[in-house]
Amino acid sequence: MMKQKILLIALGLLSAPLPALAISPFDDCPTEAFLFQGSPSTVYAVDLATGQYSEVGTNTGAAGVINAVGFNESDRYIYGWNKSAATITRINQIYRVEDLTVQEGLPADKSFFVGDVFNNTYFLYLKNSGMFKIDLGQGDDNLVAIRIMSAADATLTLTDFAFYPETGELFAVENSNNDLYQFSFDGAGNASFARKGSTGLSGTTTFGAQYFDKSGFMYISNNNDGKIYRLDLRDLNAFSATAEFFADGPSSGQNDGARCASAPVTAKNTDFGDAPDSYKTSLENNGPRHFIGPNFFFGTLVDAEGAALFAPSSDDNDGSPDDEDGITFGSSFKQGSDVLINVVVGGEAVSYVSGWFDWNGNNTFDNDTEQAIVDEFLMPGSHTLKIRVPESAQTGNTWARFRIGQNSGLTSFGGVTYGEVEDYPITIEEQTLTHTYYPGEGTWVTLAYEDNWPKKGDYDFNDVVIFYRVDTISNQEGNIVRYDIYGKLQAYGASFPNGFAVQLDNIARSLVNENLSKIIVNDKTIHNQSVIENGQDFAVIVISGNLKDELAPPQCSGNAGNFYRVWQGCTLDAADQFSFVVSVPFNSAISTGPDMPLNPFIFAPEGRFHGDAFNVEFPGRDLEIHLKGDSLTSLASEQFFSTANDTSVYDPSKCPGPDCDSFRGENGTPWGLLIDSNWSHPSERVDVLEAYPNLAEFARTGGETNTNWHQRVNAIVNKLFE
Amino acid sequence: MRKILISLSLAIALSGCGGDDSGGGTGGGGSENKVTFDQIVIPSGFNLRSSYPVMLDIALNSNELMYLNVYGSYRHTHNGEIVADTSSRIIAGQIKDGQFKGKFTATSGLDSVLVEAWFLDGTRIPFRQVVQLPQESITIRN
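Residue numbers (our numbering), protein chains in the order written: chain R, 3 to 724; chain E, 3 to 144.
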């Protein structure tokens with residue numbers, strides 16, 4: 003009994019007329035774009051300003067894909083092609099389909115996925131089938147399609163097109179060449195198309211959703227990555243076909259879009275920048291903007307603006323909350339020097355941070371040359387980043403822009419869901435610098451070490467091989483403000499682990515500006531790595547605690563093991579896996595510095611085996627191997643001199659200095675070589691004299707002859723690694 | 003000679019057994035007939051370095067701000083002009099009131115350096131002088 007009642011009630015509900023809302027057209031001309039994705043289709047409303055999207059319809063009533071959708075401003079319904087029903091369909095404001103029958107005029111057995119509506123007429127296109135139009139004003143029972151382009155003429159590879167608001171111009175971006183095309187209609191209504199230019203986009207694309215807004219901007223959405231690009235077609239008499247990234251939207255394998263072209267694109271719950279609009283700040287100029295979410299913001303505040311309020315009338319200056327609260331500058335901007343940028347990541351999510359600086363003062367951000375912070379992936383909390391002001395930077399007032407978001411690849415403009423943009427005025431100070439390069443701005447000397455000290459090595463001098471360069475930067479008074487040390491690891495022909503460091507002899511550690519010291523490894527600044535070693539008297543720059551950790555495990559092997567780029571004939575291990583630039587600025591400029599090449603050395607990491615020449619299992623930081631005649635650092639031990647094969651008599655009172663006796667073997671043999679060129683090192687277990695015979699006379703004569711022993715022309719090439 | 007050879011062979015054998023070497027034990031690659039690097043007697047005090055410091059003193063008869071470039075490599079074109087190899091630049095900086103004093107480190111391969119002083123307006127031919135090396139100091143006057 004009870005069951006019967008329920009059934010009756012249910013039948014009653016089903017037979018009752020649907021609420022008026024269900025069969026109604028849209029109330030107005032929506033500002034969002036609508037995406038129909040998947041099979042069966044799910045409908046999304048997309049905020050074109052930021053790419054923010056939300057699901058608005060999950061049950062359209064169609065069994066499969068809905069394509070070729072367009073918004074009809076005459077009756078405020080969306081029209082599309084219902085693939086499973088093989089007919090056109092009308093979609094109401096609750097995103098339910100109502101299939102319509104076209105009496106004649108459409109080719110049989112074809113499925114359309116390109117369409118749009120203009121002036122109460124539905125246009126459909128299919129490559130190699132033609133273009134057709136259906137007058138929606140004929141009444142549902144009298145719909146007839148008229149061919150307006152022949153099958154032979156329908157050669158464009160399209161997945162959508164869009165009508166320009168008010169004028170009826172039809173545009174499409176083609177998928178095979180990414181070019182913009184315009185369709186024209188003759189007096190009889192027949193369509194033809196013409197190429198209007200390149201969008202500048204490349205790669206494989208499927209622009210499954212294409213729309214216009216009221217101003218005449220065209221938006222194209224790439225199915226593959228969801229990126230929305232904008233074309234400025236506001237002036238149809240003079241426009242460029244170039245497309246610019248506009249926002250990140252949803253991606254999908256199946257995608258079609260409709261939009262009421264007469265609606266403006268508006269921003270809701272959106273954060274904008276504050277720099278003058280020449281930097282692209284407003285929505286009209288495709289300024290940076292983010293749909294505000296629970297995470298991905300700087301500091302503690304992020305405010306929403308309906309439109310960008312930019313300098314000199316930014317909301318930071320008018321009493322509104324100043325949400326530029328996540329970035330502070332720890333030092334001044336001086337031409338040619340590094341700056342400390344303190345970044346506070348608010349919220350609870352790991353975020354990507356990027357930053358742009360108008361170095362040349364041309365009131366724009368050049369994304370190729372003026373992005374100094376690139377996709378730093380930062381945990382919530384406070385961070386210090388270091389960037390270099392170009393020496394050519396324009397002095398005076400300019401702007402910096404910082405963005406934070408959940409994805410990498412942000413540009414200085416364009417909309418992205420979730421994140422924040424903060425713009426700051428900065429002032430660049432003049433600074434005149436002189437660079438003195440050793441050996442040259444783009445050339446190298448080579449450091450080559452035997453790491454078996456104090457025991458003899460095999461003298462192939464490829465245990466550690468590093469190309470090396472020093473840039474001494476001086477101010478106008480000739481005093482040294484900074485060293486920039488460059489290097490590239492060339493070979494690692496050793497089983498022992500070795501770190502690499504450089505001591506600035508006689509330069510007290512306290513003279514170095516430790517906060518501004520930095521290291522760049524493989525072109526990436528390691529912001530959180532301190533390079534000035536603690537506990538030292540003189541400044542010691544640790545470039546790597548263990549060079550072996552900087553390399554992928556070597557694939558090339560020989561009878562001594564798997565070593566990096568020493569086994570002749572094996573090229574499995576890529577070159578240039580570890581390159582570095584380390585900067586060592588001083589708190590105050592120093593009047594003089596040590597001679598070149600400074601004091602570079604290798605050292606043993608703690609707790610690692612380094613041979614049995616020692617009275618302890620692991621010599622650790624006690625063990626350093628320097629060039630002959632160079633001084634130890636204050637963390638190293640002197641106890642290994644005059645042991646094993648070392649015969650030097652180390653006197654700390656003479657080191658550093660010209661009479662420093664260190665790392666000298668029985669015949670005066672060194673464990674390290676400084677070579678005046680970018681040297682081709684010997685193959686593994688090949689004595690350096692076999693590869694470079696002239697070294698013998700150079701060494702024997704105290705450098706009086708054969709100073710060019712290291713040049714390739716003097717090498718026995720088949721003894722080299724290369 | 004025979005004794006030396008025997009002891010050398012022994013050293014190789016010992017090293018091979020020990021297994022405690024990193025980049026190789028003694029004399030690994032040399033054949034018995036060849037002199038190995040550690041057999042070369044290096045004069046006392048010679049650290050096998052051939053780079054050396056060079057003092058540079060420039061005084062040009064000019065009150066203009068100029069830009070100094072010192073290059074280690076350059077070439078002569080067919081019409082006699084000198085074109086610097088930019089990667090070989092050793093010094094880059096301003097010359098104020100015609101005066102510059104500095105120091106650079108020359109490598110053994112440098113036969114000469116090209117000293118250029120450019121006027122900042124870019125309309126006049128720069129001051130150029132080639133200076134032969136080696137020498138401990140370079141003085142330039144015009």
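Virtual Cβ for every residue (Gly too), placed ideally from N, Cα, C.
Within chain E, the residues that Ser644 (chain R) reaches when beta carbons sit closer than 7 Å: Residues of chain E passing the Cβ test: none, with the nearest at roughly 16 Å.
Secondary structure of Asp118 (chain R), DSSP reduced to three states: Looking at Asp118 (chain R) - three-state DSSP - the assignment turns out to be strand.
Close-in-space but distant-in-sequence residues of the same chain around Arg78 (chain R) (CB under 6 Å, 5 per side omitted): Answer for Arg78 (chain R): Pro27, Phe28, listed in chain order.
Top-ranked residue by Cα proximity to Asn454 (chain R), from R:Thr44, R:Thr707, R:Phe642: Here the closest residue by C-alpha is R:Phe642.
Contact list for Gly202 (chain E) against chain R, beta-carbon separation under 9 Å: As shown, chain E starts at 3 and ends at 144. That puts residue 202 (chain E) outside it, with no answer to give.
Contacts that Ala186 (chain E) makes with chain R (C-beta to C-beta distance below 8 Å): Residue coverage of chain E in this structure runs from 3 to 144, which leaves residue 186 (chain E) outside it and unanswerable.
Every unbroken alpha helix (DSSP H) within the stretch 55-132 of chain E, with a cutoff of 4 residues, ordered by chain: Whole alpha helix (DSSP H) segments, 4+ residues: zero.
Where Pro441 (chain R) falls: helix, strand or coil (DSSP): Pro441 (chain R): coil per DSSP, three-state reduction.
Opening and closing residue of the beta strand (DSSP E) in which Glu626 (chain R) lies: Glu626 (chain R) -> beta strand (DSSP E) spans 626-628.
Minimum Cβ-Cβ distance from Val117 (chain E) to chain R less than 8 Å: Taking a beta-carbon distance threshold of 8 Å, Val117 (chain E) does not count as an interface residue toward chain R.
Interface flag, Gly32 (chain E) vs chain R, CB-CB below 8 Å: Low local confidence applies: a pLDDT of 43 at Gly32 (chain E) is under 50, so the model's placement there is unreliable, and no value is given.
C-alpha distance - Phe120 (chain R) paired with Lys135 (chain R), whole-angstrom precision: Taking C-alpha positions only, Phe120 (chain R) is separated from Lys135 (chain R) by approximately 10 Å.
Cβ of Gln41 (chain E) within 8 Å of any chain R Cβ: At a cut-off of 8 Å between C-beta atoms, Gln41 (chain E) counts as an interface residue with respect to chain R.
Contact with chain E by Leu722 (chain R), beta-carbon distance below 8 Å: Interface flag for Leu722 (chain R) against chain E is unset, since no Cβ pair is found closer than 8 Å.
Supposed contact pair Asp368 (chain R) and Ser410 (chain R) - C-beta distance, whole angstroms, cut 8 Å: Taking 8 Å as the upper bound for CB-CB distance, Ser410 (chain R) and Asp368 (chain R) are not in contact here, some 19 Å apart.
Against chain R: residues of the stretch 73-99 of chain E by CB proximity under 9 Å: Under the 9 Å Cβ criterion, the stretch 73-99 of chain E contributes Tyr73, Gly74, Ser75, Asp87, Thr88, Ser89, Ser90, Arg91, Ile92, Ile93, Ala94, Gly95, Gln96, Lys98.
Thr161 (chain R) beta carbon less than 8 Å from that of Val116 (chain R): Yes.
Cβ distance (whole Å) where Asp340 (chain R) is taken to contact Ile389 (chain R) below 8 Å: Their Cβ separation, rounded to whole angstroms, is 7 Å, which keeps Asp340 (chain R) and Ile389 (chain R) in contact under 8 Å.
DSSP three-state assignment for Glu699 (chain R), whether helix, strand or coil: Helix, per DSSP.
Three-pair Cβ contact test at 8 Å for the stretch 50-57 of chain R versus the stretch 74-89 of chain R: The stretch 50-57 of chain R, when compared against the stretch 74-89 of chain R, does not touch it at the 8 Å Cβ threshold.
Environment of Glu106 (chain R) [buried if 16+ CB atoms lie within 10 Å]: The Cβ neighbour count for Glu106 (chain R), taken over all protein chains shown within 10 Å, is under 16; the residue is labelled exposed.
Close beta carbons around Gly674 (chain R), own chain, < 6 Å, minus the five adjacent residues each side: These residues qualify, in order along the chain: Tyr451, Leu629.
C-alpha gap between Val533 (chain R) and Thr33 (chain R), whole angstroms: So the alpha carbons of these two residues sit roughly 54 Å apart.
Top-ranked residue by Cα proximity to Tyr213 (chain R), from R:Phe248, R:Asp462, R:Gln557, R:Ala503: The shortest CA-to-CA distance from Tyr213 (chain R) to any of R:Phe248, R:Asp462, R:Gln557, R:Ala503 is the one to R:Phe248.
CA-to-CA distance, Ser254 (chain R) to Gly210 (chain R), given in whole angstroms: Roughly 9 Å separates the two Cα atoms.
Where the alpha helix (DSSP H) through Val467 (chain R) begins and ends: Looking at the DSSP string, Val467 (chain R) is not in any alpha helix (DSSP H); the run it does join, the beta strand (DSSP E), is 466-476.
Environment of His612 (chain R) [buried if 16+ CB atoms lie within 10 Å]: Around the C-beta of His612 (chain R), 16 or more other C-beta atoms lie within 10 Å, and the residue is accordingly described as buried.
Among R:Ser394, R:Leu158, R:Asn344, nearest to Gly363 (chain R) - alpha-carbon criterion: Here the closest residue by C-alpha is R:Ser394.
Where Ser650 (chain R) meets chain E, residues with beta-carbon distance less than 7 Å: Correct list: empty, because the minimum Cβ distance to chain E is about 11 Å.
Ala693 (chain R) (DSSP reduced to helix, strand or coil): The three-state secondary structure of Ala693 (chain R), taken from DSSP, is helix.
Interface partners of Val209 (chain E) on chain R, CB under 7 Å: The structure shown does not extend to residue 209 (chain E), since chain E is modelled only from 3 to 144, so the question has no answer here.
Which listed residue (R:Thr207, R:Thr272, R:Gly170) has its alpha carbon closest to that of Ser178 (chain R): Nearest to Ser178 (chain R) by C-alpha distance, out of R:Thr207, R:Thr272, R:Gly170, is R:Thr207.
Contact check, Asn669 (chain R) vs Asp40 (chain E), beta carbons under 8 Å: Result yes, Cβ atoms of Asn669 (chain R) and Asp40 (chain E) sit closer than 8 Å.
Rounded C-alpha distance that separates Pro266 (chain R) from Ile150 (chain R): When only Cα atoms are considered, Pro266 (chain R) and Ile150 (chain R) end up about 30 Å apart.
Enclosing beta strand (DSSP E) for Arg390 (chain R) [first to last residue]: Counting along the chain, the beta strand (DSSP E) containing Arg390 (chain R) begins and ends at 383-390.
Same chain, Cβ closer than 6 Å to Arg471 (chain R), five either side skipped, listed in chain order: Once the five neighbours on either side are set aside, the close Cβ partners of Arg471 (chain R) are Trp446, Tyr488.
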